[in-house]
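Residue numbers (numbering that gives the first Met the number 0), protein chains in the order written: chain A, 0 to 236; chain B, 0 to 236.
Cβ coordinates follow ideal geometry from the N, Cα and C atoms, glycine included.
If you're wondering where the values come from, they're calculated on a predicted model, not measured in any experiment.
One structure is given below, encoded as structure tokens.
Number of protein chains: 2
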Amino acid sequence: MAESAYVDMSADLASKIRSGEYPPGLRLPSYSDLEAAYGVSNIVVRRAIDLLELQGLVKRMPRKGVFVSSQTRLIRVSPERQMESAEETYRHESNGNIKVEREVNDILASPWLRDEFKLSEGDAVTHTVTRASDDGKPASISDTYQPIGRNGTDGAYWLEETWRDDMANPVHRAWLGVGIGTLVKKVHQRWSTRDGQTLMVSDVSYPPDRYDAFVFRMALGPIDSDQFRDPDFRTQN
Amino acid sequence: MAESAYVDMSADLASKIRSGEYPPGLRLPSYSDLEAAYGVSNIVVRRAIDLLELQGLVKRMPRKGVFVSSQTRLIRVSPERQMESAEETYRHESNGNIKVEREVNDILASPWLRDEFKLSEGDAVTHTVTRASDDGKPASISDTYQPIGRNGTDGAYWLEETWRDDMANPVHRAWLGVGIGTLVKKVHQRWSTRDGQTLMVSDVSYPPDRYDAFVFRMALGPIDSDQFRDPDFRTQN
DNA sequence: AAGTGGTCTAGACCACGTG
DNA sequence: ACGTGGTCTAGACCACTTG
């Protein structure tokens, strides 16, 4: 047993959920049944399901059961303009010694990437791994994918940014120096054109303790009552 | 005992940390000591500290101890333009029946608000409580504060938005229908002028299960290589 | 009545850090 | 050698839901 029992168990259940063997809405076996099936104790089952719950894969219903979540996710959307590069962000955040290294490779597009970029089987994409450290401490690692020959975000109109607490993949874990059970801050970015064509996607993992809050600071630009007004407060005077 | 032992214990420790009785950097008493001091078992202490860790109040160091976190918070900043009101957001998110109700009162500014708005002792602020529901289910509750006579976000140049998982106050808990131990999604917003004067602050709590990811979708506007370019990818062609 | 998840007890062993 | 936090066992009682 390489990992702790509850991590192994959680990974096993997660793979059953993601593979569809446990479809959305299904009630998981009861704690007692899971204890018996995996030959572990109360707390191992509970911690395994803690991890699933943190990933949003299951939902606990006291006295009813643990249910597989539906994958339709309600998200918070907010329009935004402008952005800055990772390096700029870090330099604004920290006085430390920021180092960024990059590996670029062309790889065969996986089914998921083919779907994202509307490519054909056999097409390749450019894969960039970016590792950033802050005074020697790992600050982030990201995988960025884009169709061959595209130049970054040229032509992008939309940027969609999603984050969640999630488990990192082994490569990200190794760089960040965290164990398999540790939840990291994961940001997924998708740059796309005005008509919805994806130009670039990026998955970034941050150490769980680098940010304890995420802030979006937005320049609203010169604003007066005609240009911009929050309807919530329009009639208060 | 109104709440579970681990919630009571966590609240007690949290108040000691926030009051400064346990200053940043201090090592908490060991698990064994805490078990003895509170007269509880292993798991109660661990769950209490789980809650503190989730709030970012402490940091666990295996085989060394549990330490009170420093309060300097590193945050992620990203410039953004435009925004929409809470009601608009909800209507985009949901097909349900959105109801929003609002209570407005003028109250004496607390020290914290006086500091935020640079007011004098005895000055009042406008306090708005906004409750939103989605098909009868509570969707959010917020407290908004602004100096008397100001009209919402008129004149705002910056919007800073911070979120974290945190415990809600009793009023928010009651509306959201969650227990004291439940962590909710908390968003703190600060609108300010170009020179940093705060115009309005708002604290919003969402049910923990409403959003399982936060997405910021940003319109970058018409972009070409001269107007906008991600320096990370500038030299890839 | 039986089963569920939530909470809790009272122990145990382990790997690692500090004296 | 001892104490630490991390993991785990093998039970227990409770409040509530379901057949």
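Between Val67 of chain B and Ile16 of chain B, the CB-CB gap stays under 7 Å. Linking Gly19 of chain A to Arg172 of chain A through their CA atoms gives a straight-line distance of about 26 Å.
DSSP, read as helix, strand or coil, puts Ser40 of chain B in coil. Ranking B:Leu50, B:Ala4, B:Lys58, B:Leu25 by CA distance to the CA of Ala36 of chain B puts B:Ala4 first. Burial state of Thr192 of chain A is exposed, judged by a 10 Å Cβ sphere holding fewer than 16 other Cβ atoms.
Looking at the DSSP output, Gly64 of chain B sits in a beta bridge with B:Met60. Sixteen is the threshold: when 16 or more other Cβ atoms of the shown chains lie within 10 Å of the Cβ of Lys184 of chain A, as they do, the residue is buried. Rounded to whole angstroms, the gap between the alpha carbons of Asp7 of chain B and Trp111 of chain A is 46 Å. Asp32 of chain A and Ser14 of chain B have their C-alpha atoms some 40 Å from each other.
In its chain, beyond the 5 residues on either side, Ala108, Leu112, Val124, Pro146 have a beta carbon closer than 8 Å to the beta carbon of Leu118 of chain A. For the pair Val65 of chain A and Ile42 of chain A, the CB atoms are not nearer than the 7 Å cut-off. The beta carbon of Ser132 of chain B sits closer than 7 Å to the beta carbons of Lys98, Ala138 from its chain, once the five residues preceding and following it are set aside; these are given in chain order.
Under the DSSP assignment, Lys136 of chain B falls in the beta strand (DSSP E) whose first and last residues are 136 to 146. Counting other Cβ atoms within 10 Å of its Cβ, Val57 of chain B reaches 16 or more and is therefore classed as buried. In this structure, the alpha-carbon of Asp105 of chain A lies about 13 Å from that of Asp142 of chain A.
Using a Cβ distance threshold of 7 Å, Val103 of chain B and Thr129 of chain B do not count as a contacting pair.
For Leu51 of chain A, the closest of A:Gly38, A:Asp11, A:Pro169, A:Ser40 by C-alpha to C-alpha distance is A:Asp11. Under the three-state reduction of DSSP, Ser109 of chain B is assigned to coil, being neither helix nor strand. Taking the C-beta atoms as reference points, Val170 of chain B is found no nearer than 7 Å to Val186 of chain B. Rounded to whole angstroms, the separation of the alpha carbons of Ser40 of chain A and Val44 of chain B is 19 Å. When the five nearest sequence neighbours on each side are left out, the beta carbons in the same chain lying within less than 6 Å of the beta carbon of Leu27 of chain B are those of Val65, in order along the chain.
Straight-line spacing of the CA atoms in Asn168 of chain A and Gly135 of chain A works out to 21 Å. Beta-bridge partners assigned by DSSP to Ile97 of chain A: A:Asp133. Counting the other Cβ atoms within 10 Å of the Cβ of Ser29 of chain A gives fewer than 16, which makes it exposed. Collapsing the DSSP output to three states places Lys117 of chain B in coil.
Pairing Pro206 of chain B with Leu182 of chain B gives a Cβ-Cβ distance that is not under 7 Å. Note on Met60 of chain A: under 16 other CB atoms within 10 angstroms of its CB, so exposed under the neighbour-count rule. Going by DSSP, Ser204 of chain A is part of the beta strand (DSSP E) stretching over 197 to 205. Here Glu115 of chain A is buried, its C-beta having at least 16 other C-beta atoms within 10 Å. The three-state secondary structure of Leu182 of chain A, taken from DSSP, is strand. Residue pairing of His126 of chain A in beta bridges, as defined by DSSP: A:Asn104, A:Tyr144. With respect to the C-alpha of Glu34 of chain A, the residue from A:Arg46, A:Gly24, A:Leu25, A:Pro23 having the closest C-alpha is A:Arg46.
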